[in-house]
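Using my numbering, read the sequence shown as starting at -13 and increasing by one per residue. Cβ atoms here follow ideal geometry from the backbone N, Cα and C, with glycine treated the same way. All figures in this text were calculated on a predicted structure; none of them were measured in a lab. One structure is given below, encoded as structure tokens.
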Amino acid sequence: MTVVDAAGLTAWVHEFTRLVHEQRDALTQLDAAIGDADHGANLDRGTAAAVAALEAQAPEEPAAVLKTVATTLIKTVGGASGPLYGTFFLRAAGALDGDDGAAFATAVRAGYEGVVARGKAERGDKTMLDALGPACDALDEALGAGKPLDEALRLAADAAAQGRDATVPMVARKGRASYLGERSAGHQDPGATSATLLVEAAATALAGRG
-13 MTVVDAAGLT AWVHEFTRLV HEQRDALTQL DAAIGDADHG ANLDRGTAAA VAALEAQAPE
47 EPAAVLKTVA TTLIKTVGGA SGPLYGTFFL RAAGALDGDD GAAFATAVRA GYEGVVARGK
107 AERGDKTMLD ALGPACDALD EALGAGKPLD EALRLAADAA AQGRDATVPM VARKGRASYL
167 GERSAGHQDP GATSATLLVE AAATALAGRG
């Protein structure tokens, strides 16, 4: 069954947008503690713009869906979120080659590696990578073990949530939160929180597609 067709990826973006809008204030509150207090508002604006762009263009090619999202986020989201999420979707678009779960996992991994390169960060720095990295690993492991995509994505979402929660005691080493030093400990990272929403959205939107 086709997994990563244009309709499936568009549904993913729509669901991510819905979750971000729903959690906008919570994301901003998290960012107020250790950042600029704009993560929720910025990402909500950007994802809404991405949905509008997809509705206006309705790309027929899967990679074009991801590229449209990437360029829209880069243009409309302020702070670090636009370039980082934009890079994620742009790298995923470039790596997408196929229409099954393995192709999707490869694209997501490429997106993750793009964020690593763009943000010059690694796991443990208290960033979105602390959710995205474990999600990629869980997705690859589950698919490699022959699990259906539904189950693999749910395991990936669980891993992302665990990674998100693990950021609470961390001391930030990258981004605005790093300016706080030891005072950044005790707060959940907003980027890891929104990245978890991204993985949860995939688990919901792509359910039943493979």
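- In the DSSP annotation of this structure, lysine 112 is not part of any alpha helix (DSSP H), being labelled neither H nor E.
- Annotation: the continuous alpha helix (DSSP H) that includes glutamate 41 extends over 25 to 43.
- Per DSSP, alanine -8 is one residue of the alpha helix (DSSP H) stretching across -8 to 8.
- The three-state reading of DSSP puts leucine 139 in helix, counting H, G and I together.
- Between the C-alpha atoms of valine 102 and phenylalanine 74 there is a straight-line separation of about 9 Å.
- Taken in chain order, the complete alpha helix (DSSP H) segments of 4 or more residues contained in the region 76 to 134 are 87 to 105 and 115 to 130.
- Within the same chain, and ignoring the five residues on either side of cysteine 122 in sequence, the residues whose Cβ sits closer than 8 Å to its Cβ are Ala91, Val94, Arg95, Tyr98 and Ala142.
- Boundaries for valine -11: no alpha helix (DSSP H) harbours it, and the DSSP string shows neither H nor E there.
- Shown here for alanine -3: same chain residues with a beta carbon closer than 6 Å to its own, the five before and five after excluded, namely Ala191 in chain order.
- Selection Gly68, Thr3 and Pro48 evaluated against glycine 80 yields Pro48 as nearest (Cα-Cα).
- Exclusion of the five residues before and after glycine 110 leaves Asp116, Met156 and Arg159 as the residues of its chain whose Cβ lies within less than 8 Å of its Cβ.
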